[in-house]
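Report on the structure given below.
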Amino acid sequence: MLALGALVPIGFVLQAAIAMGWDELSALVFRPKVGELLVNTVSLVVIGVPASAVLGVGGAWLVERTALPGRRLFAVAFAAPLAIPAFVASYGWASAVPSISGLWGGVLVAVTAYFPLVYLPALAAIRGLDPGLEESARSLGMGSVAVFFRVVLPQLRLAVLGGGLVVALHLLAEYGAFAFLRFDTFTTAIVVAYQATFAGPNAAALGLVLLLLCFALLTVESLARGNARYARVGGGSPHPPVRLPLGRLAPLAVFGAVCVVAASTIVPLASVVRWLFRADATDLGALASATGQTLALSLAGAVCAIAVALAFAWLSVRYPGRLSRLLEGAAFLTSSLPAIIVALALVATTLAFAPGLYQTAFTVIAAYVVIFLPRALVPLRAGLAQVPESLEEAARSLGIAPLLARLRVTVPLLVPAVCAGGALVALGAANELTATLLLAPTGTRTVATSFWSAASSLDYPTAAPYAIVLVLLSCPAVALMFAHATGRNLR
Amino acid sequence: MTLSLSGLSKSFGTTRVLRDVTLEVPEGTRIALVGSSGSGKSTLLRLIAGFERPDAGTIALGDRELAGPRSTVPAHRRGIGYVAQDGALFPHLSVARNIAFGMPRGARHVARVHELMELASLDQTLADRMPHELSGGQQQRVALARALTQQPKVILLDEPFSALDTGLRAQTRQAVVDMLERSGVTAMLVTHDRDEALSFGQQVGVLAGGRLVQAGAPTGVFDAPIDVRVAEFLGDVMLVSARSAGTDAVDCAFGRLPVRHDRSGGAARVRAMVRPEQVRLAPAVDGGNATVVSIRSTGAGADLTLRFGGGSFPAEATHRVPLHAAARFQAGCQVQITVDGGVVLYPRHE
Numbered sequence: 005m006l007a008l009g010a011l012v013p014i015g016f017v018l019q020a021a022i023a024m025g026w027d028e029l030s031a032l033v034f035r036p037k038v039g040e041l042l043v044n045t046v047s048l049v050v051i052g053v054p055a056s057a058v059l060g061v062g063g064a065w066l067v068e069r070t071a072l073p074g075r076r077l078f079a080v081a082f083a084a085p086l087a088i089p090a091f092v093a094s095y096g097w098a099s100a101v102p103s104i105s106g107l108w109g110g111v112l113v114a115v116t117a118y119f120p121l122v123y124l125p126a127l128a129a130i131r132g133l134d135p136g137l138e139e140s141a142r143s144l145g146m147g148s149v150a151v152f153f154r155v156v157l158p159q160l161r162l163a164v165l166g167g168g169l170v171v172a173l174h175l176l177a178e179y180g181a182f183a184f185l186r187f188d189t190f191t192t193a194i195v196v197a198y199q200a201t202f203a204g205p206n207a208a209a210l211g212l213v214l215l216l217l218c219f220a221l222l223t224v225e226s227l228a229r230g231n232a233r234y235a236r237v238g239g240g241s242p243h244p245p246v247r248l249p250l251g252r253l254a255p256l257a258v259f260g261a262v263c264v265v266a267a268s269t270i271v272p273l274a275s276v277v278r279w280l281f282r283a284d285a286t287d288l289g290a291l292a293s294a295t296g297q298t299l300a301l302s303l304a305g306a307v308c309a310i311a312v313a314l315a316f317a318w319l320s321v322r323y324p325g326r327l328s329r330l331l332e333g334a335a336f337l338t339s340s341l342p343a344i345i346v347a348l349a350l351v352a353t354t355l356a357f358a359p360g361l362y363q364t365a366f367t368v369i370a371a372y373v374v375i376f377l378p379r380a381l382v383p384l385r386a387g388l389a390q391v392p393e394s395l396e397e398a399a400r401s402l403g404i405a406p407l408l409a410r411l412r413v414t415v416p417l418l419v420p421a422v423c424a425g426g427a428l429v430a431l432g433a434a435n436e437l438t439a440t441l442l443l444a445p446t447g448t449r450t451v452a453t454s455f456w457s458a459a460s461s462l463d464y465p466t467a468a469p470y471a472i473v474l475v476l477l478s479c480p481a482v483a484l485m486f487a488h489a490t491g492r493n494l495r
Numbered sequence: 010m011t012l013s014l015s016g017l018s019k020s021f022g023t024t025r026v027l028r029d030v031t032l033e034v035p036e037g038t039r040i041a042l043v044g045s046s047g048s049g050k051s052t053l054l055r056l057i058a059g060f061e062r063p064d065a066g067t068i069a070l071g072d073r074e075l076a077g078p079r080s081t082v083p084a085h086r087r088g089i090g091y092v093a094q095d096g097a098l099f100p101h102l103s104v105a106r107n108i109a110f111g112m113p114r115g116a117r118h119v120a121r122v123h124e125l126m127e128l129a130s131l132d133q134t135l136a137d138r139m140p141h142e143l144s145g146g147q148q149q150r151v152a153l154a155r156a157l158t159q160q161p162k163v164i165l166l167d168e169p170f171s172a173l174d175t176g177l178r179a180q181t182r183q184a185v186v187d188m189l190e191r192s193g194v195t196a197m198l199v200t201h202d203r204d205e206a207l208s209f210g211q212q213v214g215v216l217a218g219g220r221l222v223q224a225g226a227p228t229g230v231f232d233a234p235i236d237v238r239v240a241e242f243l244g245d246v247m248l249v250s251a252r253s254a255g256t257d258a259v260d261c262a263f264g265r266l267p268v269r270h271d272r273s274g275g276a277a278r279v280r281a282m283v284r285p286e287q288v289r290l291a292p293a294v295d296g297g298n299a300t301v302v303s304i305r306s307t308g309a310g311a312d313l314t315l316r317f318g319g320g321s322f323p324a325e326a327t328h329r330v331p332l333h334a335a336a337r338f339q340a341g342c343q344v345q346i347t348v349d350g351g352v353v354l355y356p357r358h359e
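Line by line, the protein sequences are chains A and D.
Following the numbering used here, the numbering of the first sequence begins with 5 at its first residue and continues without gaps.
Following the numbering used here, the numbering of the second sequence begins with 10 at its first residue and continues without gaps.
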C-alpha cells in the first residue's frame with residue numbers, strides 16, 4: 005500500500021505516455037524545443053557536477069588535512085550555502101548583477117548553491133580516513149600531491165559519487181533558480197507547460213524525458229559505485245592527522261576559499277539585506293501569516309512522513325527480507341525524482357480518483373511525504389536498529405502488554421531519531437517551492453511561494469523579508485547536517 | 010506450583026531446535042540447563058517466557074496451561090520473570106525506575122524498590138544512576154531485582170553471567186544464588202559453563218542436539234552420566250576398554266575394579282570411565298602397571314602421558330599431576346596407578 009503510494013509518480017508518467025500513444029508522444033518529444041532543453045539540461049549536469057565535486061572535495065581536504073589559516077571558520081562557511089535555498093541565491097545574484105543569465109549564470113548559481121552536498125559527505129569521509137594510510141604512503145616515498153590523488157581521493161570515491169548524484173538530481177529538479185536566470189531546463193519548461201495547459205500531454209511528455217534522465221543518472225551512479233567497500237583493516241585507534249603546512253601557497257588557498265564563500269554566501273545574502281533596507285514598509289501581517297501557514301504545512305508533512313517512515317523502518321529492521329528492501333528502494337527512488345514530477349502525478353491522481361482532494365492541503369502534505377521520506381527514514385532506521393528487541397521482551401516479562409511495552413520502551417528511545425528526522429523533513433518542506441506552487445490550495449501562501457510571487461514579478465524589496473525567513477528556517481537543518489558530517493553531537 | 014514441560018518441540022524453518030523436551034521443576038527448585046551453543050537451551054527459555062510459541066507440546070504452571078495446542082498465554086500474563094544475557098536494562102531509565110517499571114501505577118514504589126535493592130545487595134546510592142554507569146555485575150543484579158518485582162512464580166535466567174569477567178563472574182553468581190535462595194522462587198538458569206551448572210541448584214539438565222538428555226540432582230548426573238557425551242561435557246574423563254569380570258566388577262587397564270554404575274545396557278563390548286579425581290599415581294618400586302611415555306609441563310603442574318601394559322588391555326591416557334608431585338616422575342619410569350571408587354560402564358562402538 006505504502007509502496008504503491010511511493011510509486012504513483014512513475015506510474016503516472018508511464019500511464020500518460022501510454023495513453024498518448026507513440027505518434028503523439030514522438031511528436032511532442034522529437035522537436036527542436038525539446039532538443040534545446042536537452043542540451044541545456046545535460047550541459048548543466050556535465051559542467052555543474054564535476055565543478056561541485058572539485059569545490060566540495062577541495063574544500064573538505066583544505067579544512068581537514070592542511071594548515072589552512074581560519075580553517076574552522078571555513079569548515080562551517082563551506083556548509084553555509086545549504087541554508088540559502090538555490091532560488092534565493094539566484095534572486096540575490098540576479099538582482100545584484102542583472103547581466104547574469106543563461107548556462108554560465110545557471111552553472112555559477114547552481115554550483116555555489118549545491119557544492120556543499122559534495123563537501124559534507126567528503127568531509128565526513130576524510131574525517132573517517134585513517135591517517136595511518138597517508139603516513140604509510142609517505143613512508144613509501146610519495147609526495148603530498150601523490151598522496152592526495154593516490155590514497156585520499158580513491159577512498160573518497162563513494163562519498164563523492166553519492167554527493168555528485170545528489171547534486172545532479174538537484175540540478176534536474178531545480179525550478180526557481182533557473183527561472184530567475186531565464187535559463188530553460190526540463191523542469192522550468194514543465195512548469196511553464198503546466199501553467200499553460202495544466203497537466204496536459206505536453207507536460208507529461210517532458211516529464212517522461214526528465215524521468216529518463218533521472219534513471220540514467222541513477223544507473224550511472226550505481227554502475228560507477230560497483231560493489232566497492234572501503235573499510236579500515238586492522239584495529240588500533242586512529243590518531244589525529246598531521247596537517248600539511250601550506251607555506252607560500254597559504255595566501256592563495258585563503259584567497260580561493262574566500263572567493264567561494266563570497267560567491268556562495270556573501271553576495272546572495274548581501275543582496276537580500278540590501279533589498280531589505282530598500283523595502284518601504286514590510287507587511288508584517290502577511291509575513292506572519294505566510295510563516296504560520298508554512299509552519300503548519302511543513303509540520304503536518306513532517307508528522308505524516310515520520311508516521312510512514314516508522315512503518316517502513318519497522319519493517320526493514322524487525323522483518324528484514326526481500327519485500328522490505330523493495331519497499332525501501334521504491335521510497336528512495338521516488339524521492340530522487342524531481343518534485344515537479346511528483347506534483348504532476350499527484351494532480352493527475354487526485355483529479356482521477358478523488359477530485360475532492362485536489363488543491364487541498366492533503367495533496368501538498370502527500371507531496372512532502374513522498375519527496376522527503378528518506379530524510380525521515382534514514383535516522384529512524386538507524387535509531388530503531390539500536391533498540392534491541394530484548395528490551396521489549398524484558399518489559400513483557402514484567403507484565404506489560406506488548407503494545408504498551410513498545411510505547412514505554414521503544415518509543416522513548418526513538419525520540420532523538422524522530423526529532424532529527426522530523427526536523428529535516430519539516431525544514432525541507434518549509435523551503436519547498438516547486439510542488440507547493442503547483443499543489444497548494446488557492447489562497448495558501450507559504451513563505452516560499454510568497455517570496456516567489458514577489459521576486460518573479462521583479463518586486464525585489466517585497467521579496468527580501470521572505471528570503472530572510474527562508475534562510476533562518478534552513479539554518480537548523482544545516483546545523484544538523486554539519487553536526488552529522490563532523491560526527492559531533494548537538495545534544 | 011510445579012512448572013511442567015511435556016513433549017516440547019520447536020523448529021525455525023527447517024532446523025529442529027528442540028525435540029520432545031519433557032521436564033518437571035517442583036516449586037522452589039533451582040535448576041540449571043547446560044548445553045553447548047546451538048543445543049536449544051535459550052529457545053527453551055524463550056518458549057517458557059512466552060516470546061516464542063512451541064510447535065508441539067505443553068507448558069503448564071501448576072494447573073494453569075501456559076502454552077499448548079489449544080491456548081497460549083501472552084508473555085505479560087504468565088507471571089514468569091526473565092533475565093536476559095545482557096540484563097536488557099532500559100537505557101533511558103534510572104536504576105530505581107528500571108526496577109519500578111513493572112509495578113502497578115500508584116503503588117508505593119519507593120519502599121518496594123528499596124527493599125528489592127537491599128535483596129540484591131545493591132547500594133542505595135545507585136538508585137539514581139543510569140544503567141550505563143553501572144558495572145556488569147551490578148547491571149545483572151538490577152535486572153534480577155527488576156524481574157522479582159512481579160513476585161513471579163518462576164524466574165528464567167539466560168546466561169546472565171557469560172558477559173562478565175572471570176572474577177566478577179563467580180562473585181555475581183554467588184550473589185544471585187543467595188538472592189534466589191532468600192526469595193524462594195523457582196529459578197531456571199541456562200548456561201554453557203559446567204561448573205556454573207553443577208553448582209547452581211538442586212537440579213541440573215543436560216541439553217544436546219535439542220533433546221533433554223538427562224536431568225536430576227547435580228551429584229547424581231555427575232556421578233552416573235547417561236552416556237559418554239554427557240560425561241565428557243560435565244567434567245574431565247579417562248576412558249579405557251574393559252571386560253566384565255562377574256557381577257559388579259570389570260577388568261581393565263587399571264586392574265580389576267568395582268562397577269559403580271552400569272550404563273552399558275548389556276552391551277558385549279564395554280568401556281570404563283573414571284574421573285581424574287579418582288586416580289592416585291605413585292612411582293612404582295617394582296613393576297607397577299603403567300609407564301610414563303612423556304611429560305609436558307603446564308606451569309602449575311605436568312601432564313603425564315601414560316601407557317598401560319595390562320596384558321590384553323593396552324591403553325594410553327593423559328593425567329595431570331600438581332607441581333609438587335611432578336618432580337617424582339620422568340619419562341620412561343614405571344608408575345603404580347590406583348583408582349578410588351568404581352567405574353561407570355558404557356557400550357563401546359568400534
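Think of the CB as a built atom: it goes at the ideal place given N, C-alpha and C, for glycine as much as any other residue.
- Annotation: the continuous beta strand (DSSP E) that includes residue 91/D extends over 89-92.
- Put simply, the segment 120-139 of chain D does not touch the segment 410-420 of chain A. Fewer than three CB pairs are less than 8 Å apart.
- For the segment 390-418 of chain A, the residues whose beta carbon sits under 8 Å from a beta carbon of chain D are, in order, 392, 394, 395, 397, 398, 399, 400, 401, 402, 403, 404, 405, 406, 409, 412, 413, 416, 417.
- The beta-carbon distance between residue 291/D and residue 316/D, rounded to whole angstroms, is 17 Å. This is too long to meet the 8 Å contact definition.
- Under a criterion of Cβ atoms nearer than 9 Å, the residues of chain A adjacent to residue 85/D are, in order, 399, 400, 401, 402, 403, 404, 405, 406, 408, 409.
- Annotation: the continuous beta strand (DSSP E) that includes residue 356/D extends over 352-356.
- Residue 22/D is outside the set of residues whose beta carbon lies under 7 Å from a beta carbon in chain A.
- Among the residues of chain A, those whose CB is under 9 Å from the CB of residue 101/D are 413, 416, 417, 419, following chain order.
- Under DSSP, residue 19/D forms a beta bridge with 27/D.
- The DSSP-derived three-state label of residue 431/A is helix.
- Relative to the Cα of residue 259/D, the nearest Cα in the group 354/D, 331/D, 288/D, 236/D belongs to 354/D.
- 313/D is the residue among 322/D, 326/D, 333/D, 313/D whose C-alpha sits nearest the C-alpha of residue 342/D.
- For the pair of segments examined, the segment 99-117 of chain A was found not to touch the segment 31-42 of chain A: the number of CB pairs separated by less than 8 Å stays below three.
- Around residue 150/A, the same chain offers 141 as residues with beta carbons nearer than 8 Å, after the five sequence neighbours per side are excluded.
- Shown here, residue 68/D sits in a strand according to DSSP, grouped into three states.
- Counting along the chain, no alpha helix (DSSP H) covers residue 10/D, and no H or E run does either.
- Listed as beta-bridge partners of residue 270/D by DSSP are 353/D.
- Listed as beta-bridge partners of residue 310/D by DSSP are 331/D.
- By the C-beta density criterion, residue 119/D is exposed, having fewer than 16 other C-beta atoms within 10 angstroms.
- By a beta-carbon distance limit of 8 Å, residue 352/D contacts residue 268/D. Their separation comes to about 6 Å.
- The C-alpha of residue 363/A lies about 16 Å from the C-alpha of residue 302/A.
- Distance from the CA of residue 303/D to the CA of residue 266/D, rounded to the nearest whole angstrom, comes to 26 Å.
- If you ignore the 5 residues before and after residue 193/A, its C-beta comes within less than 7 Å of the C-beta of 41, 210, all in its own chain and listed in chain order.
- The beta carbons of residue 47/D and residue 161/D sit about 28 Å from each other, so the pair does not count as a contact at 8 Å.
- Contact between the segment 61-80 of chain D and the segment 220-233 of chain D is absent: fewer than 3 CB-CB pairs across the two stretches fall below 8 Å.
- In this structure, residue 413/A keeps its C-beta atom at 7 Å or more from the C-beta atom of residue 60/D.
- For the beta strand (DSSP E) assignment, the segment 397-452 of chain A encloses no uninterrupted run of at least 3 residues.
- The beta-carbon distance between residue 54/D and residue 197/D, rounded to whole angstroms, is 7 Å. This is short enough to meet the 8 Å contact definition.
- Taking CB atoms only, residue 170/D has no neighbour in chain A less than 7 Å away.
- With the criterion set as a beta carbon lying under 8 Å from some beta carbon of chain A, the members of the segment 109-143 of chain D are 110, 111, in sequence order.
- Taking 7 Å as the cut-off, the Cβ atoms of residue 270/D and residue 233/D count as close.
- In the three-state reduction of the DSSP assignment, residue 235/D falls in the coil class, being assigned neither a helical nor a strand state.
- Residue 283/D and residue 295/D have their C-alpha atoms spaced approximately 25 Å apart.
- With fewer than three CB-CB distances shorter than 8 Å, the segment 265-278 of chain A does not count as touching the segment 429-438 of chain A.
- Listed in chain order, the positions of the segment 28-58 of chain D with a beta carbon within less than 9 Å of a beta carbon of chain A are 55, 58.
- Short of 6 Å from the beta carbon of residue 306/A, and not among the five residues preceding or following it, lie these beta carbons of its own chain, in chain order: 426, 429, 430.
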